[in-house]
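Residue numbers (full-length UniProt numbering): 1 to 918.
No residue lacks a Cβ here, since even glycine has one placed at the ideal position from N, Cα and C.
Only a predicted model underlies this, so the values are computations on that prediction, with no experimental measurement involved.
Accompanying notes for the structure given below.
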Amino acid sequence: KQMESLGIKPNVYTLTVLINCYSHLSHLHFGFSILGKMFKLGLKPTTVTFKTLIKGLCIEGKIQKAVRLYDQMVETGCKPNEITYNNIMNGLCKIGKTNVALKLLQKMKNRGIEPNVVTYSAIIDSLCKDKLITDAFNLFSEMKNKGILPDCFTYNCLIQGVCNLEQWKEATRLWNEMVAMNIIPDVVTFNILVDALCKESLVYDAEGVVDTMIRRGEQPDKFTYNTLMDGYCLRGKMDEANKVFDLMIFKGILPDVRSYSILINGYCKCRRVDEAMRRFDEMSQIGLIPNTVTYTTLIGGLYLAGRDVAAKELFKEMSASGQPVNVVTCSTMLNGLCNLGNLDEALELFQAMKENGLIPNIVCYNIIIDCMCKSGRIEDAREMFSSLPTKRLHPTVFTYSIMINGMCKEGRLNEAYGMFRKMEDNGCLPDSCSYNTIIKGLCKDKLITDAFNLFSQMKNKGILPTCFTYSSLIQGVCNLGQWKEAIILWNEMVAMNITPNVVTFNILVDALCKEGLVSDAEGVVDTMIRRGEQPNIITYNTLMDGYCLRGEMDDARRVFDLMSSKGILPDVRSYNILINGYCKCQRIDEDMILFDEMSQIGMIPDTVTYNTLIGGLYLAGRDVAAKELFNEMSASGQPLSIVTYITMLNGLCNHGNLDEALELFKAMKDNGLIPNIVCYNIIIDCMCKSGRIEDAREMFSSLPTKRLHPTVFTYSIMINGMCKEGRLNEAYGMFRKMEDNGCLPDSCSYNTIIKGFLRNKDTSKAMQLLEEMVNRGFSADASTVEMILNIFCAREYERCKDPNIVCYNIIIDCMCKSGRIEDAREMFSSLPANRLHPTVFTYTIMINGLCKEGMLNEAYGLFRKIEDNGRLPDSCSYNTIIRGFLQNKETSKAMQFLEEMVNRGFFADASIVEMILN
């Protein structure tokens, strides 16, 4: 302005200097005003003018404008130089427009302007960030072939690129090449290596790099120390992280907010929250203001340590301090609240978040939906899930997995499977997590074929199964007793280098224990330890339970002691398992020692402990001690459950104390506990056994008014009571009413009514019911069989009106199974005299009985008589005679029969095939 007032006209050089000044002062809009003035004055901008403006635009991130200005520059006839190109290409690379930068590089070369190291390095850096490492190396080779020497920045870009792809050998090669070319690595080079090694948990190697750095005269900076601290924190090595922190201060580098945030994060992950709080307080003392990351990290740590009150207070402090609360802070709070089951409180925060202008992201929605599913509010979860598109949010694979898991847990497998199928249609490809979720749900519902179909589909799509996948399938096949399939899955898992975890081993241990194969289960535990996986409390508890189920209490106690010696403290369940085992073996004194031991170590017995011990005391005939323990339980404040009352009622009734049981029954109702059908069954049974059949009938009749339905067992109790009182017609009437009332008779009810008729010498009715029972697929129990045999051996069956061949088959079969082959033979021989003809089944029963007694010649003779007597042998009779010969090592004879059977169009059954293979 002074120049103009003096009449001195500014030239292009003067105005370009002015534009440069405005550019440095970040007032580029004034710079463009000067450019306009240039044109008004008829001055032609130079290359330097355009270069200055282009550089300013690139610094401000206005790359598109810079490109347009470049085009304008070319149109005006100004030739861009390498600095102009470098500025634009650097700007393009910073906004991820690497392809445009490469095209500009080609234009630059076409115009005869040779790119320099800065040009190439900018594009190489961008290619590395885009993980296009091959393209980056091609450009690097082109650069070297043109005689352009790379500098430290070029190598830094490449080393960072290969480290991001975990190509450690390539990083080492580049480092050696760099040193060989006398290019001195700077602090950035060293920091790249330190950061990469720390991320790979190779922190000691990273420290070695820092030592090399110092030896080469390059001093570590704050970034170096922070990175090293973070590496130790990620591995939970907090003492080492603190040493680095102290060393940094010793070297005169003051820690910043990030340094403290790293340490606080490390302590929180190790659940050393008190030390995290100490570091947090230290920040204020030295004048450092915690930022959003610091607060968010510490809030998450407090929730992780179960200190929810402190977490909420810190959140309030953060808001009051003016520190901005972001979506990550809110998602941390939501996660903490939901993990503690505080869904309503989480929903309040979720609403407040939206009211304060914070838009929840999909992570926030995932947390809430997951908590809804876990709280059994599946409909609310579904509603929120359906609303996501209206919030311009798309469900992630994790969102779908949450919903699928929630539906599976609610038993809504069809809906879960439908949602799984919709994932792909909605553009969300299922991953291993979503496959695992639905496979686990199918296995839990014993739909193992569907689970295996999905497993095959998963592998066909190139999705690698995880340890969780195999564990779910192994659990599924074990639940169905398919041990061979479990072993195949285990071997396949190991072959794929998928390491079984403690859950996988526990599944196998549990399955074997349930099958009574506890020694094999302990063998699995040994394998587990050899493979470097340490058993946990579940492993030991399962093993103990296995031994207890077999009554091998000394071994169970050995496992209990072994667990303690390994530093794993027994929990209430551990004690409950042992107490239950000792109770079943009626070793009640050892039970009481364990019970007292719990109190001595400060462990509070739970309801299960008391229930088990009360039942054990009654079983051992110590009813006074059982009552005292019940009173102690009530006084201790331990909740009395329905199971507690059932145990007490059962104990009292088994000892004939009906009146006392009725008092307790009333007290139970007075205390607000509604008796279930099991309680009524116990009381009704005791009434029947005490001869109070009318009271029993009255209570039985009152069940519908209590909204209870008699079970098969209830009917069997009443039928048994009536039979014992000789009231057979009433018993039979009730038996027939069972089915009308939607309660199908079972083996127990049939045996009860049959025994009632047999005791009362009504053999004919007993035989009719016996035939009906067999036709329904039930068998006579041992006591019924004994009564039938006694009656028939005493020839009381002659009272039976017209017994048919089915009745005789049942009796002959009972005789054979009881080893009374002579009685069976006599009855079989008497059939023609009773105008009855043996069926193929009758012959098969006799042949089976003779084979079991080793009377093979007689069995063979009888088999040959089948056809002579006008009957044709069937598959069952052939398999029976073959099995008999195989069991008695008569392989040659068995093979002859096998050939004959096959020629007649019959096949060997599974047991015969197995015997032949063996």
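Beta-carbon within less than 8 Å of residue i's beta-carbon, same chain only, minus the 5 sequence neighbours each way: which residues are those?
i: Leu413; result: Met407, Gly441, Leu442, Asp445, Leu447
i: Arg377; result: Leu343
i: Leu664; result: Tyr645, Met648, Leu649, Leu652
i: Cys679; result: Ile642, Tyr645, Ile646, Leu649, Phe665, Met668
i: Asn242; result: Leu263
i: Lys237; result: Val203
i: Leu119; result: For the record, residue 119 in the displayed sequence is Thr; it is not Leu. Glu82, Tyr85, Asn86, Met89, Leu105, Met108.
i: Asp205; result: Leu197
i: Glu345; result: Leu337
i: Leu102; result: Ile123
Thinking C-alpha only, which one of the options is nearest residue i?
i: Glu771; options: Ile646, Met787, Ser783, Tyr750; result: Tyr750
i: Thr296; options: Gln285, Ser387, Ser319, Met846; result: Ser319
i: Ser401; options: Cys152, Arg622, Lys422; result: Lys422
i: Ser126; options: Asn99, Lys9, Lys251, Ala859; result: Asn99
i: Cys93; options: Ser121, Met73, Gln106, Phe315; result: Ser121
i: Ala253; options: Leu228, Lys222, Gly266; result: It should be pointed out that residue 253 corresponds to Ile in this sequence rather than to Ala. If we check each option's Cα against that of Ile253, Lys222 comes out closest.
i: Leu15; options: Phe30, Leu298, Leu6, Ala416; result: Phe30
i: Arg216; options: Thr227, Asp195, Val194, Phe190; result: Phe190
i: Met403; options: Ala416, Lys391, Arg392, Ile488; result: Ala416
i: Leu836; options: Val806, Ser818, Lys865; result: Val806
i: Met283; options: Val257, Asp274, Leu302; result: Val257
i: Asn265; options: Val293, Met248, Lys251, Ile286; result: Val293
i: Lys1; options: Lys37, Gly322, Tyr225, Cys513; result: Lys37
i: Pro838; options: Lys852, Met815, Met855, Glu867; result: Glu867
i: Ile59; options: Thr49, Lys44, Thr437, Leu25; result: Leu25
Going by beta-carbon coordinates alone, are residue i and residue j separated by less than 8 Å?
i: residue 948; j: Ile682; result: It is not possible to answer for residue 948, since the shown part of the chain is limited to 1 through 918.
i: Tyr85; j: Ile113; result: yes
i: Lys131; j: Leu165; result: yes
i: residue 956; j: Ser331; result: Residue coverage of the chain in this structure runs from 1 to 918, which leaves residue 956 outside it and unanswerable.
i: Ser259; j: Phe245; result: yes
i: Glu714; j: Phe735; result: Before going further, note that residue 714 is Thr rather than Glu in the sequence given. Not closer than 8 Å, so no.
i: Ser33; j: Lys55; result: no
i: Leu543; j: Val559; result: yes
i: Leu41; j: Ile19; result: no
i: Ile788; j: Asp813; result: no
i: Glu725; j: Ile674; result: no
i: Leu174; j: Tyr155; result: yes
i: Met563; j: Gly581; result: no
i: Arg622; j: Ile588; result: yes
i: Asp195; j: Glu218; result: no
i: Ile579; j: Asp591; result: yes
i: Ser519; j: Thr469; result: no
i: Met915; j: Leu872; result: no
Less than 8 Å between the CB atoms is what I'm expecting for residue i and residue j, so what's the real figure, rounded?
i: Gly116; j: Glu82; result: It should be noted that the sequence gives Asn, not Gly, for residue 116. Confirmed, about 6 Å.
i: Phe455; j: Ile439; result: 6 Å
i: Cys338; j: Leu304; result: The Cβ separation is near 13 Å, so there is no contact.
i: Asp874; j: Val840; result: 5 Å
i: Cys583; j: Leu640; result: Between Leu640 and Cys583 the Cβ distance is about 19 Å, and since that is not below 8 Å, they are no contact.
i: residue 922; j: Phe420; result: Given that the chain is displayed from residue 1 to residue 918, the structure contains no residue 922 and the question cannot be resolved.
i: Gly301; j: Ala276; result: 5 Å
i: Phe897; j: Ile881; result: 6 Å
i: Met827; j: Tyr808; result: 7 Å
Can you give me the Cβ contacts of residue i inside the same chain, cut-off strictly under 6 Å, excluding the 5 residues immediately before and after it?
i: Met598; result: Tyr575, Pro605
i: Arg307; result: none
i: Asp746; result: Val712
i: Lys9; result: none
i: Met143; result: Tyr120
i: Leu658; result: Cys686, Ser690
Got a sec? Which residues, its chain only, sit under 7 Å from residue i by beta carbon, not counting five neighbours each side?
i: Cys800; result: Confidence at Cys800 is low in this model, with a pLDDT of 49, below 50, so its placement is unreliable and the value that follows should be read with caution. Within the same chain, Cys800 has close Cβ partners Thr763, Ser764, Met767.
i: Leu728; result: Gly756, Phe757, Asn760, Asp762
i: Ala136; result: Ile124, Leu127, Cys128, Leu158, Gly161
i: Gly96; result: none
i: Glu858; result: Leu850
i: Leu353; result: A small fix is needed here, since residue 353 is Met in this sequence, not Leu. For Met353, where only same-chain residues beyond five positions count, the Cβ hits under 7 Å are Cys330, Pro360.
i: Ser565; result: none
Can residue i be considered in contact with the ligand ADP, in the sense that its beta carbon sits closer than 7 Å to one or more heavy atoms?
i: Gly861; result: The ligand ADP is absent from the structure shown, which contains no ligands of any kind.
Legend entry - Cβ pair count under 8 Å reaching 3, the stretch 466–483 against the stretch 503–520: Yes, they touch.
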